[in-house]
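Trainee: Dropping the structure in here first, questions after.
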DNA sequence: CTGAAAGCGCTAACAA
DNA sequence: TTGTTAGCGCTTTCAG
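Protein chains in written order, with the numbering used here: chain D, 1 to 338; chain E, 1001 to 1338.
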């Protein structure tokens, strides 16, 4: 077995023609005779020729791979986004390189650097929880590599942005609960340094205000997104805020924790206490009672972001950053439907 | 803004030295003076130089990216595997390109081709449901690109293989049920053309035999892995096989369907009927009753596969294909624990 | 329609 | 320690 892949020159030599002719034949150039084209293709197969895409790209000054940076891949929401990104990119002829930041700013910055050095033709990013500004994006700006942000976004950085409308999603969910007759709705919020939790909170608050329900700061529990925190929070509510008759949790997991407490204490759901989560994790549909939640359409966020990315790659100069919000959908289930 | 990235030559020109000196300075070559090294690095920063990794790789005849092909990314098990692969690869300095076959042999073959053309230094693959042989792997063989198979494997193809031990996992789960006192255990199997379902079935069968329980072919339902099929199958069992007192499902989803039927008919679980699934989906822990299942350690499969891949890349000639099985773990929960 | 020649950005002998 | 030269595999002017 030869150590070396067969090249265009090998084919040329075999046929006593030049590399340029072979190149033309292989890339369906108009200025080439059918005869030699046939011949070239035949011997290419014979010699088991595999075009070297990256050499071609180097020469052409183009590329066919998109870099994607996400906090972590094995969370259902992100996996869905990647699925959307890959599907669209693949259809358009792009490969995707995936990097995980693991919620570390340092790793995120390193990933940007290696992607730039590998001359990806665009970078799609959902920033880590540690990331507060976009200084480390500068490398791409100077290299003129277009960036698209999705889901977790640095607002101040000027780029296209694709995200779920957390404000509206939360707003609708809380309105739904009010319509079901709940009067005192508590909120398990995420950490407010993550934009999306701030927005879900705002939606919650505004829904109350718009329906003449007094907003009570004491009923907002920041940083309650894990199952354990949900249990803790629900106990707090039952002990210290007896009037509360419903919960809007910014995460399905904390809603799940709350549900378990309510069931344990034999408080009937949804009759005496309503619960709703957010994100629509797989289990929301399967637990008992099934959990009202909000579907964010991760796959659609991914495919939309990829479409924008590809456009920016193709028409870089003429393109101006866009902000697209994907409207989430309220999924009404047993936990909140009287 | 310049259309062109700054290169080694730009730095050289600026400093009135040659490109090779710059190259040496940048790559910490021993034969270069500290003075010029400092100077080079300084002006590199000044000119905002970004090394072109792929040009370097082309020249060196090496690469730093690994191709990964999976059926689909937004399934928890696969997402976990990818997570493991990315973590290990990244640590070792490799990027990963991800392709989804979407269970299509055609797309799988195309992906292999583009990965080969992009001169990845190795390919990791979990084959599509349509894939029955490894003819389309040939391209890589001839190009001497090492392959590692994981999870869904073509046995006949000679390569390293990393997978979960489905036989043992199923065996242990069924033994557990027998120990709990169940005597007539039915089995919802997956389609047998997928190797892993065949193995889970074998494990089930052998566990019965080893415990002097007569194996009854009629209690095996092939292709029952969806939730709907689980409901259908459970109804069949209750109507036609009254003696059956337990179910080993090869998928958590069909187990879930079965559970819902049992609950609806007020058959007490686990007292009068035991249920166990497989895969340990996220919801298994959260539903009521919680579902006994088997954890496959996707992340570990991924990281192990990546380690093997990287070794094969580094010591290609001297390496001989390995087969590694990751031992799954029985997770006993309420649905089967009397 | 085909060939000759140059070069994408980098590295690595070989010389000096 | 630095420079010269060649070339990784490909495309693309410019001639012919």
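Beta carbons are placed, not taken as given, at the ideal position from N, Cα and C, and that holds for glycine. Owing to the predicted nature of the structure, the values given are computational and were not obtained by experimental measurement.
#1: What is the DSSP secondary structure of residue 1095(E), counted as helix, strand or coil?
#2: Beta-carbon separation of residue 1065(E) and residue 1095(E) under 8 Å?
#3: What three-state label does DSSP hand residue 1025(E) in the structure shown?
#4: Check the DSSP bridge columns for residue 1149(E) and list the partner residues they point to.
#5: Could you spell out where the beta strand (DSSP E) holding residue 1068(E) opens and where it closes?
#6: Buried or exposed, going by whether 16 or more other CB atoms sit within 10 Å of the CB of residue 1252(E)?
#7: Could you check where the beta strand (DSSP E) with residue 154(D) kicks off and where it finishes?
#8: When we look at the beta-carbon of residue 1166(E) and count the other beta-carbons within 10 Å, is it buried (16 or more) or exposed?
#9: Give the interface partners of residue 1100(E) over in chain D, defined as CB-CB distance under 8 Å, in chain order.
#10: Output needed for residue 1177(E): all residues of its chain with C-beta closer than 7 Å, excluding positions within five of it in sequence on either side, in chain order.
#11: Do residue 162(D) and residue 308(D) have their beta-carbon atoms positioned less than 8 Å apart in this structure?
#12: Of the choices 1299(E), 1061(E), 1241(E), whose alpha-carbon is the least far from that of residue 4(D)?
#13: Residues in the stretch 112 to 123 of chain D with C-beta within 7 Å of chain E's C-beta atoms, listed in sequence order?
#14: DSSP state of residue 78(D), grouped into three classes?
#15: Taking the alpha-carbon positions, what's the residue 339(D) to residue 104(D) distance?
#16: With a Cβ-Cβ cutoff of 8 Å, do residue 1097(E) and residue 73(D) count as a contact?
#17: Given 7 Å as the limit, tell me if residue 205(D) has its C-beta closer than that to any heavy atom belonging to the ligand MN.
#18: Counting only runs that start and end within the stretch 179 to 261 of chain D, where is the beta strand (DSSP E) found for 3 or more residues in a row?
#19: Could you give the distance in angstroms between the alpha-carbon of residue 1221(E) and the alpha-carbon of residue 1152(E)?
#20: From what residue to what residue does the beta strand (DSSP E) around residue 293(D) run?
#21: If we call anything under 8 Å between Cβ atoms a contact, is residue 47(D) one with residue 10(D)?
#22: Relative to the C-alpha of residue 1267(E), which candidate in 1226(E), 1327(E), 1289(E), 1109(E) has its C-alpha closest?
#23: Would you mind stating whether residue 160(D) and residue 175(D) have Cβ atoms separated by less than 8 Å?
#24: Can you find a CB in chain E that lies within less than 8 Å of the CB of residue 286(D)?
#25: Using the Cβ count rule (16 or more neighbours within 10 Å means buried), how would you classify residue 264(D)?
#26: Put residue 1287(E) into one of helix, strand or coil per three-state DSSP.
#27: Nearest CA to the CA of residue 1079(E): which residue from 1297(E), 1314(E), 1234(E)?
#28: Using a Cβ-Cβ cut-off of less than 7 Å, list which residues of the stretch 1045 to 1064 of chain E approach chain D; keep chain order.
#29: Would residue 1283(E) count as contacting chain D if we go by Cβ distances under 8 Å?
#30: Using the C-alpha atoms, what's the distance from residue 1223(E) back to residue 1188(E)?
#31: Can you tell me where the beta strand (DSSP E) with residue 1055(E) in it begins and where it stops?
#32: Is DSSP giving residue 1329(E) helix, strand or coil here?
#33: Verify the CB distance criterion: does residue 1079(E) have a CB-CB separation below 8 Å to chain D?
#34: Drop a sphere of 10 angstroms on the beta-carbon of residue 304(D), count the other beta-carbons inside from all chains shown, and report buried for 16 or more, exposed for fewer.
#35: Residue 1280(E) CB to nearest chain D CB: under 8 Å?
#36: Please list, in chain order, all residues of the same chain as residue 1136(E) whose beta carbon is under 8 Å from its beta carbon, the five residues on each side excluded.
Mentor: According to the structure shown:
#1: Position 95 of the second chain, counting from 1, holds the residue named residue 1095(E). Of the three classes helix, strand and coil, the one that applies to residue 1095(E) here is strand, per DSSP.
#2: Here residue 1065(E) refers to the residue found at position 65 when the second chain is read from its first residue. Here residue 1095(E) refers to the residue found at position 95 when the second chain is read from its first residue. Against a cut-off of 8 Å, the Cβ pair of residue 1095(E) and residue 1065(E) comes out as a contact.
#3: In the second chain, the residue the question calls residue 1025(E) occupies position 25. Of the three classes helix, strand and coil, the one that applies to residue 1025(E) here is helix, per DSSP.
#4: By 1-based counting over the second chain, the position of residue 1149(E) is 149. For residue 1149(E), which the question treats as bridged, DSSP gives the partners 1125(E), 1161(E).
#5: Taking the second chain and counting its residues from 1, the one referred to as residue 1068(E) is at position 68. Unbroken beta strand (DSSP E) run through residue 1068(E): 1065 to 1070.
#6: The count along the second chain starts at 1 and reaches residue 1252(E) at position 252. That one is buried.
#7: Sequence index remark: in the first chain, residue 154(D) carries index 154 (1-based). Residue 154(D) -> no beta strand (DSSP E), and no H or E assigned at all.
#8: On the second chain, position 166 is the one that residue 1166(E) refers to. Buried is the call here.
#9: Along the second chain, one-based indexing puts residue 1100(E) at 100. In chain order: 83, 86, 87, 90.
#10: Numbered from 1 along the second chain, position 177 holds the residue referred to as residue 1177(E). 1185, 1246, 1248, 1274, 1276, 1336.
#11: Here the question's residue 308(D) lines up with position 308 in the first chain. Here the question's residue 162(D) lines up with position 162 in the first chain. Contact: yes.
#12: Taking the first chain and counting its residues from 1, the one referred to as residue 4(D) is at position 4. The option with the nearest alpha carbon to residue 4(D) is 1061(E).
#13: 114, 116, 117, 118, 119
#14: Against the first chain, residue 78(D) aligns to sequence position 78. Helix.
#15: Within the shown structure, residues of chain D are numbered from 1 to 338, placing residue 339(D) beyond reach of any answer.
#16: As a position in the second chain, residue 1097(E) is number 97, starting the count at 1. As a position in the first chain, residue 73(D) is number 73, starting the count at 1. No, they are not a contact pair.
#17: What this structure holds is no ligand at all, so the ligand MN is not there to describe.
#18: 185 to 188, 246 to 249
#19: Within the second chain, residue 1221(E) is the residue found at index 221, counting from 1. Within the second chain, residue 1152(E) is the residue found at index 152, counting from 1. Taking the straight line from one Cα to the other gives about 22 Å.
#20: The count along the first chain starts at 1 and reaches residue 293(D) at position 293. Residue 293(D) -> beta strand (DSSP E) spans 293 to 295.
#21: Translated into the one-based positions of the first chain, residue 47(D) becomes position 47. Translated into the one-based positions of the first chain, residue 10(D) becomes position 10. Cβ distance < 8 Å, so residue 47(D) and residue 10(D) count as in contact.
#22: Stepping through the second chain from its first residue, residue 1267(E) is reached at position 267. Measuring from the Cα of residue 1267(E), the nearest candidate turns out to be 1289(E).
#23: Locating residue 160(D) in the first chain gives position 160, counting from the first residue. Locating residue 175(D) in the first chain gives position 175, counting from the first residue. Against a cut-off of 8 Å, the Cβ pair of residue 175(D) and residue 160(D) comes out as no contact.
#24: As a first step, residue 286(D) is located in the first chain; it is residue number 286 there, counting from the start. Output row for residue 286(D): interface = yes.
#25: Along the first chain, one-based indexing puts residue 264(D) at 264. Exposed, because fewer than 16 other Cβ atoms sit within 10 Å of the Cβ of residue 264(D).
#26: Locating residue 1287(E) in the second chain gives position 287, where the first residue counts as 1. Three-state result, residue 1287(E): coil.
#27: As a first step, residue 1079(E) is located in the second chain; it is residue number 79 there, counting from the start. For the residues 1297(E), 1314(E), 1234(E), the minimum Cα distance to residue 1079(E) belongs to 1297(E).
#28: 1048, 1050, 1051, 1052, 1053, 1054, 1055, 1058
#29: What you label residue 1283(E) is simply residue 283 of the second chain in a count that begins at 1. It does: the Cβ of residue 1283(E) has a partner Cβ on chain D nearer than 8 Å.
#30: What you label residue 1188(E) is simply residue 188 of the second chain in a count that begins at 1. What you label residue 1223(E) is simply residue 223 of the second chain in a count that begins at 1. Cα to Cα, the separation comes out at about 7 Å.
#31: Along the second chain, read from residue 1 onward, the residue named residue 1055(E) stands at position 55. It is not in any beta strand (DSSP E) - residue 1055(E) instead sits in the alpha helix (DSSP H) that spans 1053 to 1060.
#32: Residue numbering aside, residue 1329(E) sits at position 329 when the second chain is read from its first letter. Residue state, collapsed to three classes: strand.
#33: Numbered from its first residue, the second chain carries residue 1079(E) at position 79. Answer yes: the Cβ-Cβ gap between residue 1079(E) and chain D drops below 8 Å somewhere.
#34: Position 304 of the first chain, counted from the first residue, corresponds to residue 304(D). Buried, since its Cβ has 16 or more Cβ neighbours within 10 Å.
#35: As a position in the second chain, residue 1280(E) is number 280, starting the count at 1. Output row for residue 1280(E): interface = no.
#36: Counting from one through the second chain, the residue named residue 1136(E) turns up at place 136. The residues are 1105, 1108, 1109, 1112.
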